[in-house]
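Read left to right, the sequence shown gives residues 1 to 917 (UniProt numbering).
Encoded as structure tokens, the structure appears first; notes follow it.
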Amino acid sequence: MSSSPVSPTVLPTVSRFYQRWLAAAPDRAVKIDELSQLSLADIDLADYLRKEAENSLPLVRSMRRLRNLLVCTLIRRDLEGKANLAEVVTTMTRFADFAIQQHMAELYAEMVAAHGVPTGHESGLPQEMIVLAMGKQGGGELNVSSDIDLIFVYPEDGDTVAGPGQRSLSNHEFFIRIGKKLIAALAEITEDGYTFRVDMALRPNGNSGPLAASLGMVEQYLIVQGREWERYAWVKARAVTGRAEDIAALDAIVRPFVFRRYLDFGVIDAIRNMHAQIRAEVNRQERLHPDRSNNVKLGRGGIREIEFLAQVFQLIRGGRDAALRDRSTRTTLRIIAEKGLLSHAIVYQLLASYTFLRNLEHRLQYLDDAQTHTLPANDTDRQTVAEMMGLPDVATLLVQLEAHRQFVAGQFDEMFSDKTESSENDIDLQSSNECADPDNREAMVARFTALGFEAPEDATRRLIATWQAPRLQSLPEASRNRLQGLINSALPLIIQAASESSGGNQLATLGRLLDFLEAVARRSAYLSLLTEYPHTLARVIRMVHASGWAAKFLSQHPILLDELLDDRLRNAVFDPAALAADLDLQLAAAPGDTERQMDILREVHHVQLFHLLAQDLAGDLTVEKLADHLSALADTIVAATIKAVWQTVATRHREVPLFTVIAYGKLGGKELGYVSDLDVIFLYDDPDQEAPAQYAKLAQRFITWMTSHTSAGILFDIDTALRPDGASGMLVSSVSAFEKYQTSAAWVWEHQALTRARYCAGDLAIGQRFEQIREAVLRKERPADGPLKREVLAMRKRMVDAKPNHSALFDLKQDPGGMIDIEFIVQFLVLQHAAAYPELTANFGNIALLRICAELGLIDGPLSASVADAYRKYRKLQHQLRLQGQDLARIDPALVATEARQVRALWNSLFGEDVAS
Numbered sequence: 001m002s003s004s005p006v007s008p009t010v011l012p013t014v015s016r017f018y019q020r021w022l023a024a025a026p027d028r029a030v031k032i033d034e035l036s037q038l039s040l041a042d043i044d045l046a047d048y049l050r051k052e053a054e055n056s057l058p059l060v061r062s063m064r065r066l067r068n069l070l071v072c073t074l075i076r077r078d079l080e081g082k083a084n085l086a087e088v089v090t091t092m093t094r095f096a097d098f099a100i101q102q103h104m105a106e107l108y109a110e111m112v113a114a115h116g117v118p119t120g121h122e123s124g125l126p127q128e129m130i131v132l133a134m135g136k137q138g139g140g141e142l143n144v145s146s147d148i149d150l151i152f153v154y155p156e157d158g159d160t161v162a163g164p165g166q167r168s169l170s171n172h173e174f175f176i177r178i179g180k181k182l183i184a185a186l187a188e189i190t191e192d193g194y195t196f197r198v199d200m201a202l203r204p205n206g207n208s209g210p211l212a213a214s215l216g217m218v219e220q221y222l223i224v225q226g227r228e229w230e231r232y233a234w235v236k237a238r239a240v241t242g243r244a245e246d247i248a249a250l251d252a253i254v255r256p257f258v259f260r261r262y263l264d265f266g267v268i269d270a271i272r273n274m275h276a277q278i279r280a281e282v283n284r285q286e287r288l289h290p291d292r293s294n295n296v297k298l299g300r301g302g303i304r305e306i307e308f309l310a311q312v313f314q315l316i317r318g319g320r321d322a323a324l325r326d327r328s329t330r331t332t333l334r335i336i337a338e339k340g341l342l343s344h345a346i347v348y349q350l351l352a353s354y355t356f357l358r359n360l361e362h363r364l365q366y367l368d369d370a371q372t373h374t375l376p377a378n379d380t381d382r383q384t385v386a387e388m389m390g391l392p393d394v395a396t397l398l399v400q401l402e403a404h405r406q407f408v409a410g411q412f413d414e415m416f417s418d419k420t421e422s423s424e425n426d427i428d429l430q431s432s433n434e435c436a437d438p439d440n441r442e443a444m445v446a447r448f449t450a451l452g453f454e455a456p457e458d459a460t461r462r463l464i465a466t467w468q469a470p471r472l473q474s475l476p477e478a479s480r481n482r483l484q485g486l487i488n489s490a491l492p493l494i495i496q497a498a499s500e501s502s503g504g505n506q507l508a509t510l511g512r513l514l515d516f517l518e519a520v521a522r523r524s525a526y527l528s529l530l531t532e533y534p535h536t537l538a539r540v541i542r543m544v545h546a547s548g549w550a551a552k553f554l555s556q557h558p559i560l561l562d563e564l565l566d567d568r569l570r571n572a573v574f575d576p577a578a579l580a581a582d583l584d585l586q587l588a589a590a591p592g593d594t595e596r597q598m599d600i601l602r603e604v605h606h607v608q609l610f611h612l613l614a615q616d617l618a619g620d621l622t623v624e625k626l627a628d629h630l631s632a633l634a635d636t637i638v639a640a641t642i643k644a645v646w647q648t649v650a651t652r653h654r655e656v657p658l659f660t661v662i663a664y665g666k667l668g669g670k671e672l673g674y675v676s677d678l679d680v681i682f683l684y685d686d687p688d689q690e691a692p693a694q695y696a697k698l699a700q701r702f703i704t705w706m707t708s709h710t711s712a713g714i715l716f717d718i719d720t721a722l723r724p725d726g727a728s729g730m731l732v733s734s735v736s737a738f739e740k741y742q743t744s745a746a747w748v749w750e751h752q753a754l755t756r757a758r759y760c761a762g763d764l765a766i767g768q769r770f771e772q773i774r775e776a777v778l779r780k781e782r783p784a785d786g787p788l789k790r791e792v793l794a795m796r797k798r799m800v801d802a803k804p805n806h807s808a809l810f811d812l813k814q815d816p817g818g819m820i821d822i823e824f825i826v827q828f829l830v831l832q833h834a835a836a837y838p839e840l841t842a843n844f845g846n847i848a849l850l851r852i853c854a855e856l857g858l859i860d861g862p863l864s865a866s867v868a869d870a871y872r873k874y875r876k877l878q879h880q881l882r883l884q885g886q887d888l889a890r891i892d893p894a895l896v897a898t899e900a901r902q903v904r905a906l907w908n909s910l911f912g913e914d915v916a917s
């Protein structure tokens, strides 16, 4: 199946329109011979219009003559194989724009001469009409014999400022009159034909609405009356005339109507219904007129279905991804492939089918310059069309046409088939309502029992609580039906998830899923997504079964459902450099919009977190590798935030700040978890006298950007307590002040913290200077009989006293023999021995440093290995508990008795006493 190259042997005279035009005047053969040597997509239309206007022909006549010349030249170039589809549609679109602009300029001047300049009541500024090109002209893909769909908009109401001999009109009347004149100039049939037929049916209120509408009228209409099919139409809207500021104002009105800020999967059903109405009308026409079959535009597998396929992605995702707002069907399909929304192979074939169908459509129109989309009735014309397509006969044409239509129809059905019709994997909205009636408790219990739930009475109580939840009481009927269908479909999937996994239980999974569905039920788009893509519901169930924390995270950020649509989630490779570049592009697309930039950072972070979570739950990542990725993700977010925040500091004294973020704690040690806060300090090295105040402002705003709750959630909690002098110290420090503090005033516990500190983001040179200071401080000579051991013991005891564990469970982090003991052991070894063994200052992590210390003979080798294994086990257990939503990492002491004993043994070998107990 190919798009069928055109045979260069077909003569343009097979077009009856071409023959008639050529025979009407002797000079036309020379004109077309010259023009057909050029690519028409780039010619100077104004120059050719001047040539057609010789002998003082009025504009309406010269424009029609130019139109006929261009169409005939396109026919010739296309059939001779010199012009491709892109040239044909680009030429026709450019000419339509040109014709509108030329006529508008002339008509506006005539109207102003008669009535004065239309002026806005509020602004007092002259008003110009915005002519919006819709449909294929708006998308830059106009047919040779197509009509053009237009909408007329003017900025604001007011009156014309009339001078002597002029009669004032309201702006509304002025622009209605000019609109009528423009339509006549383009569409009236004269001795030279017409320029373009004009269709105004897409304007607000259609043919019953005013011919021209103010910006205020358009806004009111779209907000109050705008229908789903109009979103589809307005995707293509493109201003051909008007002032830039007025066009921008119109765009600000139209964009939120067309492109919703959330992922709008409800549009699938809306397009499905609209397409069904179109198909019904086409089928009716084909039954009444069998000779009009094979409609390549509106028929099954036709051009319109390809356009719908492209635009459904635009309407679903265009509000969040500006790249998907392109008006061209061909360009949009390529972007869809680049973003992985459809495979490159599918898009390649869709583009091939689109090219074939559009070329065929043009050849149908070439015959008589008629706006037709169906194969001709008589056999002779059908044979001519086949030859124009470079094919030997009608049979071959029909075979190729059917192949393309079958492919397109298959892709359309894949996207738009009604998932509410019962099948093995689909969501059945007509299923039994026995689990949707809280008053029919016995039926619910029977249903849960039949499905195999271990506690049907408890499951019934939980489901009844959901149906009686206040937020579900006022659900629209359509949403309630969808929710009912989703719950009915989910119940057997819960049983399946429980049987496939040893962790989790049925009742907990049911509760988590119902909490999630209750959280999203009032957003019909999410119910639509789960209904349109049933496999996504199964993935949600597996995820919430595996992790209570994942269930809560998904409920807080349901937009992440989009990430479950395909298998990219499991296969995505975390790439910090690519992520940083993508963040830069997204943030740059929202300059000056602080709220949007904060949301972008959160959305990107949540998506990446969700990818890692899915891989984690699937067992694809070790705890250590996950922590590495989460730490690198945090570094990337911090760096992007610093860069964006600095641009909001209006008084900034340099374009790139000499400012650095230093990571401590879990982030510094690259042991970050899903919900870890960030321990950071801020350093600068800038001699400018304004630097301290500017960087303090930067740090404060950075913390605000990180910690604020927006509609997209939160990024991180930030802890700056480890800065010099703690909470009483300055928020930002110069490098020299930091060095002085660390060498002469810092406490031992601050040096302990320094063992895990590292450069995170910002100026790299300052980061390198920090590392020099860190190494010098850590490698300072500390006598074996000095205060170090006593200070470490005292700090550990304070921590134990501050967070006593009164339960019978073992706290993996806080209790003696736990993770903090291991961290204190490593920190003590580094501080005590780094002067003699500088390799200990490398930030390799606790496990690697334990091994190095054993190799250096500082601690017992086998005991060191056992403690390292204990640390790994503790981290894994802590991680599993956090995934189940537990804040405190406490377990049965018997599960880690051996590990705790070995940690205590190493502790005692170093400190000689069990002070931590």
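Every residue gets a Cβ at the ideal spot worked out from N, C-alpha and C, and that includes glycine.
Discussion item. Can you tell me whether Trp907 is buried or exposed? The criterion is at least 16 other CB atoms within 10 Å of its CB, across all chains shown.
Written reply: buried
Worksheet item: Does the Cβ of Leu764 have 16 or more other Cβ atoms within 10 Å, making it buried, or fewer, making it exposed?
Response: exposed
Practice prompt. Could you check what DSSP says for Arg890 in three-state terms: helix, strand or coil?
Written response: DSSP places Arg890 in strand when its eight states are reduced to three.
Worksheet item: Does DSSP put Tyr533 in a helix, a strand or coil?
Response: coil
Worksheet item: Identify the residues that DSSP records as bridge partners of Gly762: which are they?
Response: Thr660
Discussion item. Would you call the stretch 844-858 in contact with the stretch 880-896, where contact means no fewer than 3 C-beta pairs closer than 8 Å?
Written reply: no
Item to complete: Please confirm whether Arg462 and Leu510 have their CB atoms less than 7 Å apart.
Response: yes
Practice prompt. Would you grab the beta carbon distance between Gly762 and Val661 for me? Rounded to a whole angstrom, and I think it's under 8 Å.
Written response: Between Val661 and Gly762 the Cβ distance is about 5 Å, and since that is below 8 Å, they are a contact.
Worksheet item: Is it true that the CB of Gly138 sits closer than 7 Å to the CB of Lys297?
Response: no
Worksheet item: When the distance is taken between beta carbons, is Arg782 closer than 7 Å to Leu788?
Response: A contact, by the Cβ cut-off of 7 Å.
Worksheet item: What are the uninterrupted segments assigned as beta strand (DSSP E) that are 3 or more residues long and contained completely in the stretch 655-715, given in chain order?
Response: 659-664 and 678-684
Item to complete: Could you check how far apart the C-beta atoms of Tyr533 and Leu565 are, in whole angstroms? I think they sit under 8 Å.
Response: 6 Å
Discussion item. Taking the beta strand (DSSP E) that Tyr154 belongs to, which residues open and close that run?
Written reply: Ile148 to Tyr154
Item to complete: Could you please give me the residues that DSSP links to Gly158 through a beta bridge?
Response: Gly120
Practice prompt. For Trp747, count neighbouring Cβ atoms within 10 angstroms of its own Cβ and tell me buried if that reaches 16, exposed if not.
Written response: exposed
Fill in: Simplified DSSP assignment, three categories, for Pro204
coil
Worksheet item: Among Val161, Pro804, Thr374 and Leu514, which one has its Cα closest to the Cα of Asn283?
Response: Thr374
Worksheet item: According to the Cβ coordinates, are Tyr759 and Met819 closer than 7 Å?
Response: no
Worksheet item: Whose C-alpha, out of Arg405, Asn294, Thr384 and Phe313, is nearest the C-alpha of Gln349?
Response: For Gln349, the closest alpha carbon among the candidates Arg405, Asn294, Thr384 and Phe313 is that of Arg405.
Discussion item. Quick check on DSSP: helix, strand or coil for Ala808?
Written reply: coil
Worksheet item: By DSSP, does Val573 sit in helix, in strand, or in coil?
Response: coil
Worksheet item: Rounded to the nearest angstrom, how far is the Cβ of Pro307 from that of Thr329, given a contact under 8 Å?
Response: Contrary to the premise, residue 307 reads as Glu rather than Pro in this sequence. At roughly 5 Å, the Cβ-Cβ gap stays under 8 Å, so Glu307 and Thr329 are in contact.
Discussion item. Below 8 Å, how does it come out for the stretch 155-172 and the stretch 203-216: are there three or more Cβ pairs, yes or no?
Written reply: Short answer: they touch.
Worksheet item: Mapping DSSP to helix, strand and coil, what is Val198?
Response: strand
Worksheet entry | Residue burial classification, Glu671 (beta-carbon count within 10 angstroms, cutoff 16) | buried
Discussion item. Out of Leu324, Gln400 and Gly340, which one is the CA nearest neighbour of Tyr354?
Written reply: Gln400
Fill in: Range covered by the alpha helix (DSSP H) that runs through Val445
Arg441 to Leu451
Discussion item. Cutting at 7 Å between CB atoms, please list the residues of its own chain near Glu122, excluding the five before and the five after it.
Written reply: Glu156
Practice prompt. Can you say whether Ile189 is buried or exposed, counting buried as having 16 or more other CB atoms within 10 angstroms of its CB?
Written response: Its Cβ having fewer than 16 others within 10 Å, Ile189 is exposed.
Item to complete: State the start and end residues of the unbroken beta strand (DSSP E) segment that holds Val131.
Response: Ile130 to Ala133
Worksheet entry | Reference Asp811; option with closest CA among Ala897, Ala784 and Gly786 | Ala897
Fill in: Distance between beta carbons of Asp368 and Arg64, contact taken as under 8 Å
Actually they are not in contact, since the Cβ atoms of Arg64 and Asp368 sit about 17 Å apart, beyond 8 Å.
Discussion item. For Asp562 and Pro210, what's the separation of their Cα atoms in angstroms?
Written reply: 41 Å
Worksheet item: Where do the ends of the alpha helix (DSSP H) carrying Ala244 lie?
Response: Ala244 to Val258
Fill in: Straight-line Cα distance separating Ala409 from Ala395
If you take the alpha carbons of Ala395 and Ala409, they lie about 21 Å apart.
Worksheet item: Hey, quick one: how far does the beta strand (DSSP E) through Ser733 stretch, first residue to last?
Response: Looking at the DSSP string, the run of the beta strand (DSSP E) that includes Ser733 is Val732 to Ser734.
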